[in-house]
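Colleague: One structure is given below, represented as structure tokens, and several questions about it will come after.
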Amino acid sequence: MQHMVKPVCILCLQCSLLYGVHLAAAVASAGDGNGGDQFAYSGFAGVKDLTLDGTAMVTPDGLLELTNGKPQVKGHAFHPTPLRFEESSSPEGGEKKAAVRSFSASFVFGIVTASPGVGGHGIALVITPTKDLSSGLASTYLGFLNRSSNGDNRNHIFAVELDTIQSPEFSDIDDNHVGIDINSLVSSNASDAGYYDDNTGEFKSLTLVSGKAMQVWVDYDDDATQIDVRLAPVGIKKPMKPLVSTRFNLSTVITDEAYVGFSASIGTMTSQHYVLGWSFGVGTQAPAIDMDKLSRLPGTGRRSKKSYRPKTIVIALPIVSVVLVIAVAAGVFLLIKRKFQRYVELREDWELEFGAHRLSYKDLLQATERFNNKNLLGIGGFGRVYKGVLPTSSSEVAVKRVSHDSRQGIKEFVAEVASIGRLRHRNLVQLFGYCRLKEELLLVYDYMPNGSLDKYLYSHDDKPTLNWAQRFQIIKGIASGLLYLHEEWEQIVIHRDIKPSNVLLDNDMNGRLGDFGLARLYNRDTELQTTVVAGTFGYMAPELALTGKASPLTDVFAFGAFLLEVTSGRRPVEQDIEGHRLLLTDWVFENCSKEQILAVIDPRLNGNINISEASLVLKLGLLCSHPMSNVRPTMRQVVQYLNGDMPLPEMSPMRFTFSLSALMQNQGFDSLLKSLGTISTLSIGR
Ligand SMILES: *[C@@H]1O[C@H](CO)[C@@H](O)[C@H](O)[C@H]1NC(C)=O
Ligand SMILES: *[C@@H]1O[C@H](CO)[C@@H](O)[C@H](O)[C@H]1NC(C)=O
Ligand SMILES: *[C@@H]1O[C@H](CO)[C@@H](O)[C@H](O)[C@H]1NC(C)=O
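Residue numbers (mature numbering (1 follows the signal peptide of the UniProt record, and there is no 0)): -26 to -1, 1 to 660.
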């Protein structure tokens, strides 16, 4: 039954020693119909026969790189030959559809981002009847489905997704989840990423975009028709309790001959998606992946290769030397000490002046019941947010845990946090205070019971959406909050990250801006590349992408995108079926210039709008997100336009004669930057 072939090749060992490369131990043993079809890639160095497309490639280091960190791309990689999933057909033949056999898959992956914890879209293990997934869209569609194929049983696609963005249109539970997908991106079942500890049974959370390697196991049992998916950090053995399961007879889904592979995609937030090792077995267990042979992920230079070995090494030497015992004891001591230190609150002299805003870690632990998962409100771009009740005042708060790797910029940041704590405006989420640990900042905000605006804009199920009056009120509120930040406070505060997910709704459904200043923590002193990565693509003004310099007018640009989004219910950048990027600004502009305003209004409003308000908001949105910054109004003017205190200037079509999307069509962001470099020398605008 077993066809596991362990390749022991002295020559390979020698080559790898000589050249310092690990030759891939790829074994594909052909099935004979009765036994299993299986293969294993313990690393990808020298592997040439994978079927790759899009951005997928095998790196010289032996990693399978699915996406390369550019926005709006997708990549696919397939084992070259199809596997037979059904029982061998009986000699009598017959029309009856045979059952899909048990199968098992295992792979090691890593998602690397420029700033830890900030990244987008995801990877899926896919089983499909074809290797041609060219009709799959990037971004939310994870590169393997599109708007019309999503949910269609004729796809015959089974997938396990590792998704790092919450797409309310697919009822995603959060932006860090593992889901089982049957012909649809609306997962049959999904769970927040993590695993159940075998010893304690405790759930341990994992962050998919942590840049650390993790292993996934997918098992289908044909008797129970059950799919179990497990996840664990590399080094932890396969957990006993599955993370997520679903019961489904896959005989109706997977075709007899099907290809297995990966699909990954990026939207506006970029990431590099890697597979380090992979094995698969039909009718048998997936062969073990040799962890020692796996290459390291980029950006993990500090970690020695040994750390990929299981942590539970059994020391079975007959004579354990005293030295070893001492070394182990010292190691354990250091480990415990290090772990302990992570949770030690840091207070330094320079912080004394911000004393009033300092909260104790003990209080925050108590407030959130030790950051209990049941209090998890969500996972945002910068970290996890928990609901809590402060023991001292019994006020309800939201506690955001932001990890920071270096001390660089922390002092200025804390100074900024402290000054932000003095900002008071009815359209800003009030910051209560902060607490600082070695690798983490805890920011404490007012709790907003109605959650963030994006949930209302994009949920496609029966959840009530917002009516026009509510949307207009939110728009006016956010405009006045931004005006306060830009002009009415003692210092100019630039928000840097205006988008619906950063707009929270209070008890009366007023919009309040949250998360100000946070983008700065990641943008400070970093290369342009990082700035592009940390900002959110569709909301980023061209000159910000070009120079990395934020200004009130770059906020106005993002506010423009926000206006269009709230009115149309569409995202600022979407992809059409040919994979071209569609910019919301272009689409709105086209329709507005043809006087077809109604065509761009969110269909969920059923036409119940105030036409003159909606048309004002759309035109203002276009003006604000004009590519040339000197054409954009200031927030003071924006507020005057919205209140009807000043008429909107007539926009001549000349102002929009060049469109951003023409620059971006089928080009990377780099070439956009280059073209902008040239264009800024032309005289356009007023
Ligand atoms: C699953 O479906 C196949 C094909 O319809 C059928 O032959 C098989 O018996 C089913 N498996 C179970 C466990 O019901
Ligand atoms: C989803 O997966 C969890 C974890 O395995 C399981 O307890 C739960 O029953 C599953 N839900 C459904 C609807 O299958
Ligand atoms: C969506 O994908 C399906 C299946 O791959 C394909 O047949 C169809 O043409 C695609 N639809 C569009 C609109 O591209």
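Every residue, glycine too, gets a C-beta built ideally from N, C-alpha and C.
Cβ-heavy atom distance between D193 and ligand 2 below 8 Å?
Modeller: no
Colleague: Would you mind reading off the limits of the alpha helix (DSSP H) that contains I353?
Modeller: It is not in any alpha helix (DSSP H) - I353 instead sits in the beta strand (DSSP E) that spans L350 to I353.
Colleague: When burial is assigned at 16 or more other CB atoms within 10 Å of the CB, is E135 buried or exposed?
Modeller: buried
Colleague: Got a sec, what are the start and stop residues for the alpha helix (DSSP H) F536 sits in?
Modeller: P526 to S542
Colleague: What residues in its chain sit with their C-beta under 7 Å from that of R375, if we drop five residues either side in the sequence?
Modeller: G357, R358, E414 and L416
Colleague: Taking all protein chains shown into account, do 16 or more other C-beta atoms lie within 10 angstroms of the C-beta of L518, making it buried, or fewer, making it exposed?
Modeller: buried
Colleague: Assign M609 to one of three DSSP states: helix, strand, or coil.
Modeller: helix
Colleague: Alpha carbon to alpha carbon, how far is T342 from T244? Give it in angstroms, no decimals.
Modeller: Taking the straight line from one Cα to the other gives about 31 Å.
Colleague: Buried or exposed, going by whether 16 or more other CB atoms sit within 10 Å of the CB of E569?
Modeller: exposed
Colleague: Tell me the DSSP secondary structure of K178 in three-state form.
Modeller: strand
Colleague: When the Cα atoms are used, what is the spatial distance from K13 to Y169?
Modeller: It is worth fixing the name first, because residue 13 is Phe in this sequence and not Lys. The straight-line gap from Cα to Cα measures roughly 26 Å.
Colleague: Counting beta carbon pairs with one atom in the stretch 70 to 81 and one in the stretch 209 to 229, are three or more of them shorter than 8 Å?
Modeller: Three or more beta-carbon pairs drawn from the stretch 209 to 229 and the stretch 70 to 81 are found closer than 8 Å, and the two stretches are therefore classed as touching.
Colleague: When the distance is taken between beta carbons, is R470 closer than 9 Å to G512?
Modeller: no
Colleague: Report yes if the CB atom of I240 is closer than 9 Å to the CB atom of S113, and no otherwise.
Modeller: Yes, they are a contact pair.
Colleague: Mind pulling the beta strand (DSSP E) runs of 3 or more residues that sit fully within the stretch 41 to 123?
Modeller: 48 to 52, 77 to 86 and 96 to 102
Colleague: Within its chain, find whatever has a CB closer than 8 Å to the CB of M422; leave out the 5 residues flanking it on each side and keep chain order.
Modeller: A372, V403, L478, L479, D480, R486 and G488
Colleague: Using the rule of at least 16 other Cβ atoms within 10 Å of the residue's Cβ for burial, across every protein chain shown, is M609 buried or exposed?
Modeller: buried
Colleague: Can you tell me which of the three DSSP states Q246 falls into?
Modeller: Reduced to three states, the DSSP call for Q246 is strand.
Colleague: Any residue with its C-beta under 5 Å from a non-hydrogen atom of ligand 2 counts. Can you list them all in chain order?
Modeller: Listed by position along the chain, the residues with Cβ atoms less than 5 Å from a non-hydrogen atom of ligand 2 are N163, P216, V218, S219 and T220.
Colleague: Need the endpoints of the alpha helix (DSSP H) that A588 sits in, please.
Modeller: I585 to C598
Colleague: Can you tell me whether T226 is helix, strand or coil according to DSSP?
Modeller: Under the three-state reduction of DSSP output, T226 falls in the helix class.
Colleague: Starting from Y430, trace the alpha helix (DSSP H) both ways and give me its first and last residue.
Modeller: L427 to Y432
Colleague: Around the Cβ of T286, are there at least 16 other Cβ atoms within 10 angstroms (buried) or fewer (exposed)?
Modeller: With a pLDDT of 40 at T286, under the threshold of 50, the modelled position of this residue cannot be trusted, and the question is left open.
Colleague: Regarding A73 and ligand 1, is the C-beta to nearest heavy atom distance less than 8 Å?
Modeller: Checking the 8 Å criterion, the Cβ of A73 is within range of a heavy atom belonging to ligand 1.
Colleague: Relative to the C-alpha of T25, which candidate in K105, A573 and N42 has its C-alpha closest?
Modeller: K105
Colleague: Is S237 closer than 9 Å to F118 when the C-beta atoms are compared?
Modeller: The answer is yes: Cβ separation under 9 Å.
Colleague: Once you ignore the five residues that flank D428 on each side, which residues in its own chain have a CB closer than 6 Å to its CB?
Modeller: P474 and S475
Colleague: Excluding sequence positions up to five away, which residues of its chain have a Cβ less than 6 Å from the Cβ of G455?
Modeller: H399, N401, L402 and L487
Colleague: Got a sec? Which residues, its chain only, sit under 8 Å from G273 by beta carbon, not counting five neighbours each side?
Modeller: V86 and G185
Colleague: Mapping DSSP to helix, strand and coil, what is H151?
Modeller: strand
Colleague: So the alpha helix (DSSP H) Q444 belongs to, where does it begin and stop?
Modeller: W442 to L457
Colleague: Classify K211: buried if its beta carbon has 16 or more other beta carbons within 10 angstroms, exposed otherwise.
Modeller: exposed
Colleague: Do V530 and V591 count as a contact pair if the criterion is CB distance below 9 Å?
Modeller: no
Colleague: Below 8 Å, is the gap between the Cβ of G185 and the nearest heavy atom of ligand 3?
Modeller: no
Colleague: Classify M265 as helix, strand or coil using the three-state DSSP reduction.
Modeller: The DSSP-derived three-state label of M265 is helix.
Colleague: Under 8 Å: does the beta carbon of T528 sit that close to some heavy atom of ligand 1?
Modeller: no
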